[in-house]
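Working notes, structure below.
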Amino acid sequence: MPLCLWPPGETGSESDALVARPFGTAMSDLVVDFGEPPNAVIDDVLRCCVSRPDGSAIDAAEIADWHLAKRRQGLLAVAVATRGPRRVVTTSCDASACGEMLDLELDLSAFRKDWRTDDVPFDTGRLRLPRPADLAMLGTNPPERLAQILFEGAPPGQQNWEAQAEAVLSAADPLGDLEL
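The number in my numbering is simply the position in the sequence shown, starting from 1, with 30 added.
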């Protein structure tokens, strides 16, 4: 069974890495219920397929508290371990007169990003990278409230700082699709 060592970056050490095994190769994979909410499915896949380099399991509570960038990197590692790094995506040309189908080859290894930071500097404090529990609050709070929840420190000096916070978070996690 091939394992995938997924380092956080070119300068990362092996002790910082995740080891992923292919999904669908162990009996424990059968307990993943794809009818559950997406975060529960992601938790289950990561719990089943990702471990530390020494082979030790990662506690489910720890995985549930990983910020979104680290969760995404764990899923990419599982995808690479399962079917390799190359994917072909078929799409159609957007030009109205064309409509031709295009095959785009992607190398998932190119999406490897460093996940070791939990926060980024912002104005008079720091912005904590969002976790699933933070996004769960969006159902009951306006998006601007998420920036306020993620901010740690003295209140920012400028008005409407939430848009700037979104740009800082996007730069810290370029693979995320976070809108505040």
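C-beta: ideal position from N, C-alpha, C; glycine also.
Keep in mind that this is a model prediction, so the values were computed, not measured.
- Taking PRO151 as reference, the option from MET57, SER81, PRO186 with the minimal CA-CA separation is PRO186.
- Taking 9 Å as the cut-off, the beta carbon of ARG161 is found no closer than this to the beta carbon of LEU76.
- Three or more Cβ pairs closer than 8 Å define a contact, and the region 103-116 meets that threshold against the region 41-57.
- As DSSP reads the structure, MET131 sits in a beta bridge with SER122.
- DSSP, read as helix, strand or coil, puts ALA107 in helix.
- Around CYS34, the same chain offers ALA50, ALA107, VAL110, ALA111 as residues with beta carbons nearer than 6 Å, after the five sequence neighbours per side are excluded.
- A residue is called buried once 16 or more other Cβ atoms fall within 10 Å of its Cβ, and CYS123, having fewer, is exposed.
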